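Here is the structure we will look at, set down as structure tokens.
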Amino acid sequence: MTVQLTDEKGLLPDGAGALIENAARAALEAEGIFGAYACVTVVNGEEIRALNKSTRGVDAETDVLSFPQIRYPAQKTARDVPQMLKKAYDPDFGLAFLGDIVLNIARAEKQADELGHSAARETAYLTAHAMFHLLGYDHMTDEDKRLMRAMEKRAMKALGLFKNGDRLMTHEDYIRLAEQALDRSYSPYSHFRVGACLVSESGKCFQGANFENASFGATICAERCAVSCAVVQGERRFTKIYIACDSGYAWPCGICRQVLNEFKAGDMEIWAGSPVTEWKMLTLSQLLPEGFGPEDVSRTAEG
Ligand code: THU
């Protein structure tokens, strides 16, 4: 966890919570800080205006406000003062508490429109920007501003959400990534090549390819290869997967359907196709009707 999120009015669109978490983590990683968290509260225009007035004496709506917990010495940021992070340790979470961020999501959406990019990009940028304030960055002087922008850029790039640093990935981009993964298949025994591109709820994607073994049973399918890559990066909820194969359609095998069922976000879309065939979609509930999942395990005879 990097962010403790509060959205009492339910203002956040689907997937934005995961996006905020990822953006906050990308900012921390850019700074080289691990084991810290921030509280993010989502508010409307009126609420942030009142807060801006009471805390900064500015009677105006704004996009984001940050309230650092740590008072960094001049010209220093979190990575320079690990002892201050230790003092901010919160035993409840086992992490250092960096401070509060208050986010006006409607304003982020409006700004994205004005700037001609996606609401996701704006939300991620504002989160990263606010995190850097919590880490001791500022933009009062030109030099400070240059440093802060460079860090923001680094975090945004690492987020991997955006093509050309801006446009959100599209259906065609995911297909291309699945087809590209096909070329990395290690299938000397079956010569059946499969490539996958798994998409997480927060929009990140992970490639996978089948890799076989001289002991045939040790073979891993492309889908589970992609799931492994994603899980180790902290992703656990997936909205869709693209499966490319150059020997006809490769709908997931039974084991892979079961593994995908464990980590699905809603009814997962399973796309199958190849560089030479049309792409088709079936949902996981179509491929695995009445599937057995994590929620069933918690249901015991004792109740
Ligand atoms: N394979 C996959 O990668 N995904 C599937 O859903 C079906 C099968 C791979 C495993 C093995 O390397 C080859 O295809 C033949 O079974």
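Using the numbering used here, read the sequence shown as starting at 138 and increasing by one per residue. We treat Cβ as the ideally placed atom computed from N, Cα and C, and that holds for glycine. The structure displayed is predicted, hence computed values, not measured ones.
Check your understanding: Any heavy atom of the ligand THU within a distance shorter than 6 Å of the CB on A387?
Key -> yes
Point to revise | D383 versus A267, E316, A211 and A249, residue with shortest Cα-Cα distance | key: E316
Review point. Is S327 near the ligand THU, with its Cβ less than 6 Å from a heavy atom?
Key: At least one heavy atom of the ligand THU is nearer than 6 Å to the Cβ of S327, so yes.
Practice item. Quick one: give me the first and last residue of the beta strand (DSSP E) that G410 is part of. Key: K401 to G410
Check your understanding: Three-state secondary structure (DSSP) at K377?
Key -> strand
Review point. Could you give the C-beta distance for S191 and A267, rounded to a whole number, given that I count them as a contact under 8 Å?
Key: About 18 Å separates the two Cβ atoms, so there is no contact after all.
**Study point:** Closer than 6 Å: N347 CB and nearest the ligand THU heavy atom
**Key:** yes
Practice item. Pull up the CB-CB distance for A265 and A173, whole angstroms please, since I reckon it's below 8 Å. Key: Rounded to the nearest angstrom, the Cβ distance from A265 to A173 is 14 Å, too far for a contact under 8 Å.
Review point. Roughly how many angstroms lie between the CA atoms of R330 and P412, to the nearest whole one?
Key: 12 Å
Check your understanding: CA-CA distance, E280 and A175?
Key -> 26 Å
Check your understanding: Taking Cβ to Cβ, would you say A295 is nearer than 7 Å to L335?
Key -> no
Point to revise | Segment contact, 8 Å Cβ cut-off, at least three pairs: the segment 346-353 with the segment 306-315 | key: no
Check your understanding: With distances taken between CB atoms, is the gap from R258 to D200 smaller than 7 Å?
Key -> no
Practice item. Determine the closest residue to A346 out of S324, I242, S339 and L142, with distance taken between C-alpha atoms. Key: S324
Review point. In chain order, what residues of the same chain lie with their CB nearer than 7 Å to the CB of K401, ignoring the 5 residues before and after it?
Key: F375 and L421
Check your understanding: Less than 6 Å between the CB of C334 and some heavy atom of the ligand THU, yes or no?
Key -> The nearest non-hydrogen atom of the ligand THU is 6 Å or more from the C-beta of C334.
Review point. To which residues does DSSP link I185 through a beta bridge?
Key: Looking at the DSSP assignment, I185 forms no beta bridge with any residue, so it has no partner.
Review point. So, are the CB atoms of L271 and P205 less than 7 Å apart?
Key: In this structure, L271 sits near P205, with a CB-CB distance shorter than 7 Å.
Exercise for review: Taking 8 Å as the threshold, find out whether the segment 178-188 comes into contact with the segment 146-161 through three or more Cβ pairs.
Suggested key: In short, these stretches touch, since the Cβ pair count reaches three.
Review point. For the putative contact between Y209 and G273, defined by C-beta atoms under 8 Å, what is the C-beta separation to the nearest angstrom?
Key: That pair is a contact at about 4 Å.
Practice item. Tell me where the beta strand (DSSP E) around Q344 begins and ends. Key: C342 to A346
Review point. Secondary structure at Y274, three-state DSSP: helix, strand or coil?
Key: coil
Exercise for review: Report the residue from C342, I407 and G403 whose alpha carbon sits nearest the alpha carbon of R394.
Suggested key: I407
Practice item. Check each candidate in P389, P426 and S327 and name the one with the smallest Cα separation from D404. Key: P426
Review point. At which residue ranges does the segment 223-290 contain complete beta strand (DSSP E) runs of 3 or more residues, listed in the order of the chain?
Key: Every beta strand (DSSP E) stretch that sits fully inside the segment 223-290 and reaches 3 residues is listed by chain position as 232-241.
Practice item. Kindly indicate which three-state DSSP category V382 falls into: helix, strand or coil? Key: In the sequence as presented, Val is not what sits at residue 382; that position holds Cys. If DSSP states are grouped into helix, strand and coil, C382 belongs with the strands.
Review point. Helix, strand or coil for C358 per DSSP?
Key: coil
Practice item. Consult DSSP for M138 and reduce its assignment to one of helix, strand or coil. Key: Of the three classes helix, strand and coil, the one that applies to M138 here is coil, per DSSP.
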